[in-house]
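Report on one structure; see the data block that follows.
Chains as they are written, first to last, in our numbering: chain S, 1 to 293; chain L, 294 to 580.
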């Protein structure tokens, strides 16, 4: 780089600060985690890490049932929560896509769950869903139904977490799909109406195919974020009862920051990253295709 | 009812059903916050009752709020102040770094690594789970003696929000027509001047949107703050989590603290609602 033209210098001066910052604080730590994942380092008792090769990975993949349990739970939670959010969001968006008075008002209201701190949401719902004294059970009993063991039953607790996630993120799907629906060209519907198509036929034949790309994109965005499940588990159930609602993030946090097994924690972190890389690559390739169109 | 564009008549029944569904969904959406507000004005012993009309059904009291601002005043004010400082400063850093980088990716051509590749590389950072970098961050901050110091949290939050900010700024600047800047540069303006005097002012709504989004994300963040800010650098989310004692939760405490933590980001979201959907979907949806 003997002589940078002034344009080149400006070019890199603009970009480099952000790039360097990310290299130092995003890429470098990930590489450091990778190196640590090949070590054994119980930071409470050992001063330095000890190289042990692929032992940590072998442990998690072949020996540790908890890893697989948490992975299955997290994956199931993502699948169910995102699907329900999608269906509900689509339903609501279809109902409201005609312009009517008050649309902006509702849009503002529906942003609220997403703007709340997730840990506050978690504790508030924990409070309301308390099996004995929570207001939800009180109301259910008030109308003659039985109280539900929201957080104390290993069978119900996973669905409790999903329910709160659905509360929090359905508006996201709704708003994104609403915008997508409203960007569809009216002419198609007009000509379909002329041909005598019913509402349902128009939905299935015109709307659905046209918004499917958007559905896939927002579902991927939501799924990637949902995999990081942490606050709801921490706040609502504390990963209970008996570890029934322990998410992958929570387990990683326990290993690394509570038990200080830094080598193990790094290994499972990387397994987690690899898992998300798959989803992330799919999402990014969709963005790439969109941009080149 | 499903016809999206007003083709065909809307029967009154359809309108009614739509409004009912909207109302039900709104109640469902707002109920937890409503309940937190009501509970925060009840006597601690009454936190679990199902009454909700003040004066008619229960006697409202400021006990929970007095507890937060008088009894535990130091911790409450410290958490509040830390949350404000961290969110304000980290979002400013994010905006500064992100605006320059986003503009450069939108306007300049990079030959060695293509613009698109750089942009997607940066975007991909957003998708990594925060837990994955907890251990190295901890080691770094421990070495820098920045544990339990708000500086470490500001640094981390900036890194956390920068990818999305660069991506959104790139999106905003790419949408701006180049004509004004090119005209100015023909007149002898430097790139820097063109950026600061022309592009930035026009992109002001986008700048505000990115700042607000980063502020909300930083304010709400939990994992990093409980690891790096357990005492002196405590934020509101940490304080809420800390109200979990051996006896269990004090609902009235949780209620008042949660309302305090919820109000700022919610107000910001409501005021800037138009930009948030675009931000949250990484530009996939432009309203």
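Using N, Cα and C, we set each Cβ at its ideal position, and we do this for glycine too.
Residue 511/L holds the alpha-carbon nearest to the alpha-carbon of residue 387/L among 511/L, 488/L, 550/L, 411/L.
Around residue 391/L, the beta-carbon contacts reaching into chain S at under 9 Å are 18.
Following the DSSP letters along the chain, one finds residue 464/L inside the alpha helix (DSSP H) bounded by residues 443-468. Assignment of alpha helix (DSSP H) within the stretch 206-276 of chain S, counting only whole runs of 4 or more residues, yields 208-227, 248-253 in chain order.
Within chain L, no residue has its beta carbon less than 9 Å from that of residue 80/S; the closest one is some 18 Å off. If you draw a straight line from the Cα of residue 113/S to the Cα of residue 55/S, it comes to about 43 Å. When Cβ pairs closer than 8 Å are counted between the two stretches, the stretch 276-292 of chain S is seen to touch the stretch 213-224 of chain S, the count reaching three or more. Flagged as an interface residue toward chain S: residue 401/L, by a C-beta distance shorter than 9 Å.
DSSP, read as helix, strand or coil, puts residue 347/L in strand. If you look at residue 517/L, you'll find it in the alpha helix (DSSP H) that goes 516-521. Collapsing the DSSP output to three states places residue 318/L in a helix. A direct Cα-to-Cα measurement between residue 150/S and residue 72/S gives close to 20 Å.
Here residue 551/L has 329, 533 as same chain residues with Cβ atoms under 7 Å from its own Cβ, once five neighbours each way along the sequence are excluded. Minimum Cα-Cα distance from residue 187/S among the listed residues 258/S, 207/S, 171/S corresponds to 207/S. Excluding the 5 residues flanking it on each side, residue 495/L has same chain C-beta neighbours closer than 8 Å at 469, 473, in chain order. Taking a C-beta distance under 9 Å as the contact criterion, residue 404/L and residue 471/L do not qualify as a contact pair. Taking the CA atoms as reference points, residue 555/L sits about 49 Å from residue 481/L.
Residues of chain S whose Cβ lies closer than 9 Å to the Cβ of residue 379/L do not exist, since the nearest Cβ in that chain is about 13 Å away.
Per the coordinates, the alpha-carbon of residue 86/S lies some 7 Å from the alpha-carbon of residue 170/S.
Counting along the chain, the unbroken alpha helix (DSSP H) around residue 167/S starts and ends at 157-182. Contact check for residue 124/S against residue 548/L passes: the beta carbons are separated by less than 9 Å. Around residue 119/S, the same chain offers 231, 235 as residues with beta carbons nearer than 6 Å, after the five sequence neighbours per side are excluded. A check of alpha carbon separations from residue 26/S across 451/L, 518/L, 324/L identifies 451/L as the nearest. With a cut-off of 8 Å on Cβ pairs, the stretch 425-445 of chain L is not in contact with the stretch 487-494 of chain L, counting fewer than three such pairs. Excluding the 5 residues flanking it on each side, residue 261/S has same chain C-beta neighbours closer than 6 Å at 42, 255, in chain order.
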